[in-house]
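Engineer:
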Amino acid sequence: MTAETTVRSRQLSVRQTVAMAKRSTLEIARQPALIAPSMFFPIFFAVLSASSFSKTTSIPGFPKVESFMQFTLASTVVQGVLFGSVTGAAALATDIENGFFDRLLLSPTTRTGILLGRLAGGALFGLFQSAFFLAVLVPFDAPISAGIPGALVMILSGGIVSLAISAIMSSVAIRTGSAEAVQGTFPLLFVLLFFSSAFFPRETMSGAYKRVADLNPISYLVEGLRALVLEGISFSAVARSLLVPTAICIAAILFALTELRRKLAAR
Amino acid sequence: MNSSADPIVAQDLVRYFGDVKAVDGINITVKTGEIFGFLGPNGAGKSTAVRMLTTLLRPTSGTATVAGFDVAKHPDEVRRRIGVALQDAAIDPLMTGTELLRLQAVLYGIPQSQMKNRASELLERVGLTAAADRRVGTYSGGMRRRLDLALALIHQPTVLFLDEPTTGLDPMSRMSLWEEVRRLNSEGTTVMLTTQYLEEADQLADRIAIIDAGKIVREGKPQDLKAGVGFPTLLITVPSDQTERAKAVLATFGEIRPTAEGSLGVGLRGGANVVTDVVRQLDEASVRVQHLEVNEPSLDDVFAEATGHRLEGAKA
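Protein sequence lines correspond, in order, to chains A and B.
Residues in the first sequence are numbered from 1 upward in steps of one, following this note's numbering.
Residues in the second sequence are numbered from 1 upward in steps of one, following this note's numbering.
So, in structure tokens, the structure goes:
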């Protein structure tokens with residue numbers, strides 16, 4: 001293969017991945033009833049917890065905040081993208097169930113591109129969700145200390161988290177080929193979120209709950225973003241906001257690609 | 001690349017699913033420019049064979065070349081040259097016809113500059129121009145099948161696989177699809193078509209292979225296969241308490257043939273001329289004939305003769 005052919009083939013792979021990401025995005029945009037819960041439930045939960053737990057901000061160990069809404073802003077972003085990611089992965093499972101995935105496999109496009117295209121659509125939706133949550137909640141006494149740069153890092157981080165969770169959920173979709181199985185992971189995500197520092201700081205926890213939260217990667221995802229909201233821009237906050245989700249993301253994509261290869265080899 | 005000029009060649013192709021042998025050592029050669037029909041009931045192994053030939057499944061053993069390339073060793077080369085419309089017309093209902101055709105064009109590496117024209121051309125060809133910008137979810141079954149065909153043709157394949165393309169379609173949509181398949185074939189495309197409809201195989205295929213329980217039981221031109229069965233079939237219906245007497249009479253006129261439940265059939269050695277003799281002898285044996293028909297040999301007779309049973313859902 002000449003260098004020119006290799007370049008042309010790479011360009012084509014990128015074009016194919018972009019086309020599939022576009023399809024994935026269109027699919028999400030055209031199912032408002034399916035995505036509405038992942039857009040509005042986190043907002044509702046943020047408003048509810050802000051009004052119910054406002055006095056907890058004075059508990060010893062609670063970080064200095066302007067309001068509970070400010071504290072919960074980061075967890076709302078993570079919560080929203082976690083739930084939104086299930087939608088994209090369930091769509092992949094539906095593709096497998098109804099045979100559209102076979103149509104893609106029948107084409108000479110790369111198998112990696114088929115999966116990355118789907119994941120890229122999920123990541124774009126994650127970016128959109130993050131921007132939406134910030135736009136809606138920041139005006140309600142939830143300022144971001146890191147300012148606009150911090151908001152942009154939060155949005156980017158939301159996209160990466162979405163990509164990571166989409167990849168994990170896509171592995172479930174590829175392994176089971178069942179949209180129901182992917183949707184069935186929703187309660188598991190909720191439990192993971194609940195046993196993290198999403199709703200209360202780890203400093204205020206004790207016993208088994210704290211031990212689980214210490215081990216839970218979602219705690220670190222939320223805390224990276226929370227540092228931007230509460231402490232302002234810093235190398236450490238930006239690194240935590242981007243590096244933790246990126247590390248999870250790389251591992252998750254590699255795992256999903258391995259699942260896809262295994263599935264295709266077993267055919 | 002295989003030097004063989006035949007666009008589809010399968011040799012001793014076998015596929016297991018667990019302990020089940022879905023395809024049991026089939027051999028097929030499809031010539032350039034042919035419409036080759038693969039006829040068999042549900043579960044006979046037609047779709048599994050097509051999925052192996054189109055690179056979606058790996059053969060457990062045996063080899064196959066399509067468009068000159070080994071399906072297992074050079075799947076991408078095969079994919080570039082074939083068009084496939086699978087059984088269930090798997091089409092994303094949220095996308096429009098145009099969007100799907102453009103996506104398909106990108107997947108096959110068609111340059112941006114040609115994409116728009118190619119998509120419009122195909123939409124016009126399958127009569128979907130007016131519905132091009134509607135979401136596929138609003139299409140009828142026939143429209144989805146036509147779009148599926150258009151998608152399979154986006155890269156101008158030399159070999160086209162159609163897996164039960166008319167299943168579930170109304171007669172008008174079926175005829176229109178047949179017309180399109182004939183037109184494509186007349187333009188030089190080699191077509192491999194699986195079907196469970198006798199009429200479809202009879203109308204469209206230059207040659208057919210009949211598959212049952214994973215094995216090819218007959219192969220040849222439809223007219224030759226029908227001629228091979230020889231005699232016309234006399235079908236009668238009689239009261240159930242007279243079945244044995246009727247069978248004994250029929251057996252004197254030829255070989256008893258498998259029929260649908262409730263009727264009896266015999267391959268008339270003496271041809272249609274002996275029908276009056278059969279009726280007379282049945283009358284003499286006190287058998288009351290409720291219904292009688294004489295059928296010239298059909299592919300169903302070929303199937304029945306080869307397998308010992310009739311093709312389920314055979315009527316188109």
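Ideal Cβ positions, reconstructed from N, Cα and C, are used throughout, including at glycine.
Are the beta-carbon atoms belonging to residue 257 of chain A and residue 109 of chain A less than 8 Å from one another?
Structural biologist: It is not a contact, given that the beta carbons lie outside the stated cut-off.
Engineer: Mind checking who residue 70 of chain B pairs with in its DSSP beta bridge?
Structural biologist: DSSP, once it has assigned bridges, lists B:65 as partnering residue 70 of chain B.
Engineer: I want to see whether chain A comes within less than 8 Å of residue 202 of chain B, judged by CB atoms only; does it?
Structural biologist: No, because no Cβ of chain A sits closer than 8 Å to the Cβ of residue 202 of chain B.
Engineer: Any Cβ of chain A within less than 8 Å of the Cβ of residue 119 of chain B?
Structural biologist: Chain A, which has no Cβ nearer than 8 Å to the Cβ of residue 119 of chain B, makes this no.
Engineer: With H, G and I counted as helix, E and B as strand and the rest as coil, what does DSSP make of residue 251 of chain A?
Structural biologist: Here residue 251 of chain A sits in helix by DSSP.
Engineer: If contacts are defined as beta-carbon pairs under 8 Å, then residue 16 of chain A and residue 106 of chain B qualify, I think. What distance do you get, rounded to the angstrom?
Structural biologist: Confirmed, about 6 Å.
Engineer: Taking 8 Å as the CB-CB limit, is residue 19 of chain A close to chain B?
Structural biologist: Interface residue, yes.
Engineer: If you run the structure through DSSP and keep just helix, strand and coil, what is residue 92 of chain B?
Structural biologist: Here residue 92 of chain B sits in coil by DSSP.
Engineer: By DSSP, does residue 200 of chain A sit in helix, in strand, or in coil?
Structural biologist: Residue state, collapsed to three classes: coil.
Engineer: What does residue 109 of chain A reach in chain B if we use C-beta pairs closer than 7 Å?
Structural biologist: The answer, in chain order, is 107.
Engineer: Which term fits residue 262 of chain B, buried or exposed, when burial requires 16 or more other beta carbons within 10 angstroms of its beta carbon?
Structural biologist: Exposed, because fewer than 16 other Cβ atoms sit within 10 Å of the Cβ of residue 262 of chain B.
Engineer: Should the segment 45-52 of chain A be called in touch with the segment 67-80 of chain A, which here means at least 3 C-beta pairs below 8 Å?
Structural biologist: Taking 8 Å as the limit for Cβ pairs, the verdict is that the segment 67-80 of chain A does touch the segment 45-52 of chain A.
Engineer: Apply the 10 Å Cβ neighbour rule to residue 291 of chain B and answer buried if 16 or more other Cβ atoms are within range, or exposed otherwise.
Structural biologist: Per the 10 Å Cβ criterion, exposed.
Engineer: Based on Cα-Cα distance, which residue from B:99, B:80 and B:161 lies nearest to residue 53 of chain B?
Structural biologist: Closest option to residue 53 of chain B, Cα to Cα, is B:161.
Engineer: Looking at C-alpha atoms only, which residue of A:73, A:23 and A:116 is the closest neighbour of residue 260 of chain A?
Structural biologist: The shortest Cα separation from residue 260 of chain A among A:73, A:23 and A:116 belongs to A:116.
Engineer: Residues of the segment 95-109 of chain A with a CB closer than 9 Å to any CB of chain B: list them in chain order, please.
Structural biologist: Of all residues in the segment 95-109 of chain A, 95, 98, 99, 100, 101, 102, 103, 104, 105, 106, 107, 108 and 109 have a Cβ within less than 9 Å of some Cβ in chain B.
Engineer: So the beta strand (DSSP E) residue 19 of chain B belongs to, where does it begin and stop?
Structural biologist: Segment: none, residue 19 of chain B is in no beta strand (DSSP E) and carries neither H nor E.
Engineer: Are residue 91 of chain B and residue 181 of chain B touching if we call contact CB-CB under 8 Å?
Structural biologist: No, Cβ-Cβ distance for residue 91 of chain B and residue 181 of chain B is not below 8 Å.
Engineer: Between residue 230 of chain A and the rest of its own chain, which residues show a CB-CB distance below 8 Å, the 5 nearest in sequence each way excluded?
Structural biologist: So the list reads 63, 64, 65, 70, 71 and 145, once near-sequence residues are dropped.
Engineer: Between which two residues does the beta strand (DSSP E) holding residue 295 of chain B run?
Structural biologist: Counting along the chain, the beta strand (DSSP E) containing residue 295 of chain B begins and ends at 291-295.
Engineer: Looking at the strands, I want to know which residues DSSP matches up with residue 87 of chain B.
Structural biologist: DSSP, once it has assigned bridges, lists no residue as partnering residue 87 of chain B.
Engineer: Any chance you could list the alpha helix (DSSP H) runs of at least 4 consecutive residues sitting entirely within the segment 76-145 of chain B, in chain order?
Structural biologist: If we require 4 residues or more, the alpha helix (DSSP H) runs fully inside the segment 76-145 of chain B come out as 97-107 and 112-125.
Engineer: Is residue 196 of chain B buried or exposed, if buried means 16 or more other CB atoms sit within 10 Å of its CB?
Structural biologist: The residue in question, residue 196 of chain B, is buried, as its Cβ has 16 or more Cβ neighbours within 10 Å.
Engineer: Are there 16 or more other CB atoms within 10 angstroms of the CB of residue 308 of chain B, so buried, or fewer, so exposed?
Structural biologist: Classification of residue 308 of chain B: exposed, given that the 10 Å Cβ count is below 16.
Engineer: How far does the beta strand (DSSP E) with residue 36 of chain B in it reach, from first residue to last?
Structural biologist: Counting along the chain, the beta strand (DSSP E) containing residue 36 of chain B begins and ends at 35-39.
Engineer: Counting only runs that start and end within the segment 198-262 of chain B, where is the beta strand (DSSP E) found for 3 or more residues in a row?
Structural biologist: Counting only runs of 3 or more, we get 207-212, 215-220, 233-237 and 254-257.
Engineer: For the segment 44-77 of chain B, which residues have a CB atom closer than 9 Å to at least one CB atom of chain A, in sequence order?
Structural biologist: Against chain A - using a Cβ distance shorter than 9 Å - the residues of the segment 44-77 of chain B are 51, 54, 55, 56, 57, 58, 75, 76 and 77.
Engineer: Can you check whether the C-beta of residue 80 of chain B is within less than 8 Å of a C-beta belonging to chain A?
Structural biologist: Yes, its Cβ sits closer than 8 Å to a Cβ of chain A.
Engineer: Which term fits residue 5 of chain A, buried or exposed, when burial requires 16 or more other beta carbons within 10 angstroms of its beta carbon?
Structural biologist: Residue 5 of chain A is exposed by the Cβ-count criterion.
Engineer: Residues of chain B with CB closer than 8 Å to the CB of residue 304 of chain A, please, in chain order.
Structural biologist: One cannot answer for residue 304 of chain A here, as it falls past the ends of chain A, which runs 1 to 267.
Engineer: Is it the case that the Cβ atoms of residue 83 of chain A and residue 189 of chain A are separated by a distance below 8 Å?
Structural biologist: Going by C-beta atoms, residue 83 of chain A is nearer than 8 Å to residue 189 of chain A.
Engineer: Identify the residues that DSSP records as bridge partners of residue 8 of chain B: which are they?
Structural biologist: Partner(s): B:30 and B:66.
Engineer: If you draw a straight line from the alpha carbon of residue 320 of chain B to that of residue 223 of chain B, how long is it in whole angstroms?
Structural biologist: Residue 320 of chain B lies beyond the stretch modelled for chain B, which goes from 1 to 316, so this question has no answer here.
Engineer: Counting only beta-carbon separations shorter than 8 Å, does residue 259 of chain A have a partner in chain B?
Structural biologist: Residue 259 of chain A does not count as touching chain B.
Engineer: Which whole-angstrom value is the C-beta distance of residue 7 of chain B and residue 194 of chain B, which I expect to be below 8 Å?
Structural biologist: Contact flag wrong, Cβ pair sits at about 16 Å.
Engineer: Against residue 84 of chain B, what residues of chain A qualify as contacts under a CB-to-CB distance less than 7 Å, listed in chain order?
Structural biologist: In chain order: 106.
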